[in-house]
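Just below is one structure, and these are the notes that go with it.
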Amino acid sequence: EIAGAMIVIRYCIEQEIKAVEIYHDYEGVGKWADGLWKANKPGTQNYAKFCQKAREFVKISFVKVKGHSGDRYNDEADLLAKQALGIA
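Everything in the sequence shown is counted per our numbering, starting at 4 for the first residue and increasing by one.
See the structure below:
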């Protein structure tokens, strides 16, 4: 999920979109970016640094949704991810 968030944030910067609201079902996506969770591993450390730098160009906010709860768009994102991995 952090890779997906980074792709969206990069797109916003490239297209000069000034604000983005990212919905996610894994709590760390927002917590690492907002500095509320310590990023201990290289991947999460890079993500946290990326988000910090990106905020110079785009306002980023995160909305946590409950996974596997019938949220239409979260379920659709899960299905697309599974299809991309060839497991759906």
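Every residue, glycine too, gets a C-beta built ideally from N, C-alpha and C. Note that the structure is predicted; figures quoted are calculated from it, not measured.
- Under the three-state reduction of DSSP output, E59 falls in the coil class, being neither helix nor strand.
- Look at I25 here: in three-state DSSP terms it is strand.
- The segment 39-46 makes no contact with the segment 10-18; the number of CB pairs closer than 8 Å stays below 3.
- Going by DSSP, Q86 is part of the alpha helix (DSSP H) stretching over 75-88.
- Between A8 and Y26, the alpha-carbon positions lie close to 9 Å from each other.
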